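Going by UniProt numbering, 124 is the number at position 124 of the sequence shown; the sequence numbering is gapless. Data block below; observations after.
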Amino acid sequence: PRPRPGARPVHLIVDSTGLKLCGAGEWLTEKHGTRTRRSWYKLHIGVDADTGQIMAATLTTSDVDDASQVGPLLDQIIAPVASFTADGAYDQDGVYAEVTTRHPDAAVIVPPRSSAVPSATAETAPTQRDQHLRAIAERGRMGWQKVSGYNSRALVEADISRFKRVIGGALRSRTDERRATEVAVAVSVLNRMLELGRPEYIRIT
Numbered sequence: 001p002r003p004r005p006g007a008r009p010v011h012l013i014v015d016s017t018g019l020k021l022c023g024a025g026e027w028l029t030e031k032h033g034t035r036t037r038r039s040w041y042k043l044h045i046g047v048d049a050d051t052g053q054i055m056a057a058t059l060t061t062s063d064v065d066d067a068s069q070v071g072p073l074l075d076q077i078i079a080p081v082a083s084f085t086a087d088g089a090y091d092q093d094g095v096y097a098e099v100t101t102r103h104p105d106a107a108v109i110v111p112p113r114s115s116a117v118p119s120a121t122a123e124t125a126p127t128q129r130d131q132h133l134r135a136i137a138e139r140g141r142m143g144w145q146k147v148s149g150y151n152s153r154a155l156v157e158a159d160i161s162r163f164k165r166v167i168g169g170a171l172r173s174r175t176d177e178r179r180a181t182e183v184a185v186a187v188s189v190l191n192r193m194l195e196l197g198r199p200e201y202i203r204i205t
């Protein structure tokens, strides 16, 4: 969906976590009749750094790359995204493209890999990634984390911890469709709990 005019810009933080399968849903029957164990799924979430609300969520099998879910997560958000923060697993050109295509003015705050090198246009037209590399070279990674706002990523880790503490770390449904519904209901419950009594977070900038 297109960003809704007048909506408050969102500072989005994204991460993923594993959820186990329990009960009979843990087993799959292959075409030739053999049974194999599929022990866990991945929950990908996008959290509003200012409110702690889970703005978007997707559920995938465990072999799905985290970065591939950036587009599906962003497509669930109708407000403009002011910044996108995630860990180094999201340091991919495709992630920058997914964010900037939908939200051209958004800051993408992802730590470059240790082996990262500047782009060919770093001197004449530096990309956001080039700017991160320059800041890291000047300030070190800890300094970059502080000035970039990357330290706010702890908020999504807190939400994941809250999900597992309140909802649990396992999926009980036996089909993918029902598992997706199970996650959607859990997210709705957690967001409602936040509205009733939100923990106080301190955003580090």
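All C-beta atoms in this analysis are idealised placements derived from N, C-alpha and C, irrespective of residue type, glycine included. Predicted, not measured: the structure shown is a model, and the values here were computed from it.
Cβ-Cβ distance between residue i and residue j below 9 Å
| i | j | result |
| --- | --- | --- |
| Gly46 | Leu74 | yes |
| Leu171 | Leu19 | yes |
| Ile109 | Thr127 | no |
| Ala186 | Ile167 | yes |
| Lys42 | Leu21 | no |
Residue i versus residue j: straight-line alpha-carbon distance, rounded
| i | j | result |
| --- | --- | --- |
| Arg8 | Asp65 | 30 Å |
| Gly52 | Val156 | 8 Å |
| Arg192 | Arg165 | 16 Å |
| Leu12 | Glu98 | 14 Å |
| Gly88 | Pro112 | 6 Å |
| Ala57 | Trp144 | 28 Å |
| Asp91 | Arg153 | 15 Å |
| Asp50 | Leu196 | 16 Å |
| Ala184 | His44 | 12 Å |
| Glu177 | Ser119 | 42 Å |
| Gly71 | Thr101 | 10 Å |
| His132 | Met55 | 26 Å |
| Ala67 | Tyr96 | 10 Å |
| Tyr150 | Met142 | 10 Å |
Local Cβ density within 10 Å of residue i, reported as buried at 16 or more and exposed below that
| i | result |
| --- | --- |
| Gln69 | buried |
| Asp105 | exposed |
| Val81 | buried |
| Asp63 | exposed |
| Glu30 | Low local confidence applies: a pLDDT of 47 at Glu30 is under 50, so the model's placement there is unreliable, and no value is given. |
| Val117 | exposed |
DSSP-derived helix/strand/coil call for residue i
| i | result |
| --- | --- |
| Gly18 | strand |
| Asp176 | helix |
| residue 207 | No answer is possible for residue 207: the residues shown for the chain start at 1 and end at 205. |
| Thr58 | strand |
| Ile160 | helix |
| Ala107 | strand |
| Lys31 | Residue placement at Lys31 is poorly supported in this model, since its pLDDT is 47, which falls under 50; the coordinates still yield a value, given next. Of the three classes helix, strand and coil, the one that applies to Lys31 here is coil, per DSSP. |
| Ala184 | helix |
Span of the beta strand (DSSP E), counted from its first residue to its last, around residue i
| i | result |
| --- | --- |
| Ser83 | Val81 to Thr85 |
| Val47 | Trp40 to Asp48 |
Range of the contiguous alpha helix (DSSP H) that encloses residue i
| i | result |
| --- | --- |
| Val64 | It is not in any alpha helix (DSSP H) - Val64 carries neither H nor E in the DSSP assignment. |
| Pro72 | Val70 to Leu74 |
| Arg8 | No alpha helix (DSSP H) contains Arg8, which DSSP labels as neither H nor E. |
| Gly149 | Run containing Gly149: none; DSSP gives neither H nor E here. |
| Arg102 | Asp93 to Arg102 |
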